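Trainee: Residue numbers (the numbering used here): 132 to 256.
1) According to DSSP, residue 156 sits in a beta bridge with which residue or residues?
2) Can you tell me whether residue 168 is helix, strand or coil according to DSSP?
3) How big is the Cα-Cα spacing for residue 189 and residue 154?
4) In the DSSP assignment, the beta strand (DSSP E) including residue 222 goes from what residue to what residue?
5) Apply the 10 Å Cβ neighbour rule to residue 253 and answer buried if 16 or more other Cβ atoms are within range, or exposed otherwise.
6) Whether or not the stretch 163-178 and the stretch 138-150 are in contact is what I'm after, with contact meaning three or more pairs of Cβ atoms, one per stretch, closer than 8 Å; do they touch?
7) Across the stretch 156-165 and the stretch 207-218, are there enough close Cβ pairs to call them in contact, namely three or more that are closer than 8 Å?
8) Ordered along the chain, which non-local residues of its own chain (more than five positions away) have a Cβ less than 7 Å from that of residue 205?
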């Protein structure tokens, strides 16, 4: 028996937007780095190689907006700001960990398949 999809394309847009946000490279790396820790901006910047300060700021702001991280500002000079995962962020991280393990387990096979494909279609370097 064929399963009928009763979803409208408009139903998928919000889901696609959230998946695009939480599935982007920097969000996943930040969720992983934060783990169960509370970290300051500079510590996060050092812990995620290649991320610019601007991209870190934008990504943290988006994760906070989505309720995946919490930000605490201390009234000091200069202000001290700390970031940690919210309960929602921790639950997302738990969902991402098995995917990351799958990637690790399959990385070599995927790279080999890519090489074969590239060679077959003349895309190799």
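Note that the Cβ used here is the ideal one computed from N, Cα and C, for glycine as well. Remember, predicted model here, so these are calculated numbers, not experimental data.
Mentor: If we stick to the structure as given:
1) Along the chain shown, read from residue 1 onward, the residue named residue 156 stands at position 25. Note: residue 156 sits in no beta bridge, so no partner.
2) The residue labelled residue 168 in the question sits at position 37 within the chain shown. Here residue 168 carries a coil assignment [DSSP, helix/strand/coil].
3) Here residue 189 corresponds to residue number 58 of the chain shown, with the count starting at 1. Here residue 154 corresponds to residue number 23 of the chain shown, with the count starting at 1. Rounded to whole angstroms, residue 189 to residue 154 spans 15 Å at the Cα level.
4) Taking the chain shown and counting its residues from 1, one reaches residue 222 at position 91. Note, residue 222: premise wrong, no beta strand (DSSP E); alpha helix (DSSP H) at 218-251.
5) In the chain shown, residue 253 corresponds to position 122, counting from 1. Looking at its Cβ environment, which holds fewer than 16 other Cβ atoms inside 10 Å, residue 253 is exposed.
6) no
7) yes
8) As a first step, residue 205 is located in the chain shown; it is residue number 74 there, counting from the start. These residues qualify, in order along the chain: 211.
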